[in-house]
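Inspection log for the structure reproduced underneath, given as structure tokens.
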Amino acid sequence: MKEAASSMSLGPICELSQELINAIVDIIYEDISREPWTVTPAMHHLYSYPLICSAFLHRSQSHIFAEIRLGKKDGDKGNRSRRNKVLAKLLARNPHLADHIHSLHLTLPKKDNAWIHKDQHFLRVLPLITDNGRRLKKLTIYGYVDGYIKNPDKAAAHVFRPYISPSISSLHLSGMSKFPLDILKSFIRLKHLKLEGVKAFETPAPFSLPFLRFEGACKLQTVECSYGADCLRNLVAIGKPLSQDPQIDLSALQSMKIYIDKANDIPAARELMQVAGCSLREVHLVRSHFAGEDAHLNPTPREG
1 MKEAASSMSL GPICELSQEL INAIVDIIYE DISREPWTVT PAMHHLYSYP LICSAFLHRS
61 QSHIFAEIRL GKKDGDKGNR SRRNKVLAKL LARNPHLADH IHSLHLTLPK KDNAWIHKDQ
121 HFLRVLPLIT DNGRRLKKLT IYGYVDGYIK NPDKAAAHVF RPYISPSISS LHLSGMSKFP
181 LDILKSFIRL KHLKLEGVKA FETPAPFSLP FLRFEGACKL QTVECSYGAD CLRNLVAIGK
241 PLSQDPQIDL SALQSMKIYI DKANDIPAAR ELMQVAGCSL REVHLVRSHF AGEDAHLNPT
301 PREG
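The sequence shown runs 1 to 304 under the UniProt record's numbering.
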């Protein structure tokens, strides 16, 4: 009688093949990916299905923990610290979950950004997600409006150099008033760079301690930039082959997509094209939604 009751409680869904279950979970995750900022029924399904049948657990975990988001745009330090603490405990008790984490999203608003090198719970999380051969692939830093990294030397020494920079191949910077140039240089495996509303790269102060030197330069393959022509010019300046300290290699750039806000943004895009030279295969110049009347152009492909 117990066996019959047990088989009935499982239900027919648990009789599906693992391949079909994985496909169901993947489709649910695709629906969530289309609206990552919205709580949808698909998101509830992704969390609830493993409670119904354990066969959904591993595949669901691989999507749920693929990216972790830390920091609060409203600057709520208490909430941010509690979330970091919960994550640190969860990963310590279930270290296998760290195998699924490939993307890290950090929100660093102007009024709460020093936590990345001060919050002890976050500093406990970092080795848990990067030790034992685990490798982060993508990093997103969201400044909200005019965010920045406070005390970049400490952030580099305690966070970026030992844990994040060595393996990142994709970097997305958004809403930053400035971003430390030396931290950018530390991403030696960087291939894909997206700049969204980044006003400038910050150079070290004249009397600041020197950063570690890195052998070779990251070879960017794709660059996307919007609302940040000055930042793009900074990138071109340090990527020129004859520059004094070429730590960003643009000679292998294959694709660039630039959103033009004003007509004087076009020269910055032209400079990037000139530095990339023959390696460039795709060029997209797009008039942004907020472009002024002086920005008149259509998307422009570049022939092989």
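Beta carbons are placed, not taken as given, at the ideal position from N, Cα and C, and that holds for glycine.
Bear in mind that the values here come from a model prediction, so they are computed numbers and not experimental data.
| query | result |
| --- | --- |
| Ranges of the beta strand (DSSP E) found wholly within the segment 218 to 292, counting only runs of at least 3 | 222 to 226, 255 to 260, 282 to 287 |
| Contacting residues, own chain, Cβ-Cβ under 6 Å from ILE13 (five flanking each side not counted) | CYS53 |
| Backbone CA spacing between PRO50 and SER60 [nearest angstrom] | 7 Å |
| Nearest-angstrom Cβ-Cβ length linking LEU280 and LEU253, presumed shorter than 8 Å | 6 Å |
| ALA157 versus LEU171: straight-line alpha-carbon distance, rounded | 19 Å |
| Classification of LEU20 by the beta-carbon crowding that lies within 10 angstroms, buried from 16 upward | exposed |
| Per-residue burial, ASP112 [other beta carbons within 10 Å of its own, 16 or more giving buried] | buried |
| Close beta carbons around VAL125, own chain, < 6 Å, minus the five adjacent residues each side | LEU87, ALA88 |
| Straight-line Cα distance separating TYR47 from ASP99 | 18 Å |
| Spatially closest choice to ASP74 from SER62, THR107, LEU97, by CA coordinates | THR107 |
| Where GLU30 falls, given that 16 or more other Cβ within 10 Å makes a residue buried | exposed |
| Distance between GLN18 and SER255 (C-alpha atoms, nearest Å) | 39 Å |
| Beta-carbon proximity of HIS121 to ASN151, cut-off 8 Å | no |
| Chain-order list of residues whose beta-carbon lies under 6 Å from that of LYS257 (same chain, five-residue window excluded) | GLU224, HIS284 |
| Short Cβ contact (8 Å threshold) for LYS137 with HIS102 | yes |
| Contact check, SER169 vs LYS191, beta carbons under 8 Å | yes |
| Residue nearest to GLY133 in terms of C-alpha spacing, selected from TYR163, LEU184, LEU250, LYS110 | TYR163 |
| Residue from ALA229, GLU202, ALA200 with nearest C-alpha to ILE266 | ALA229 |
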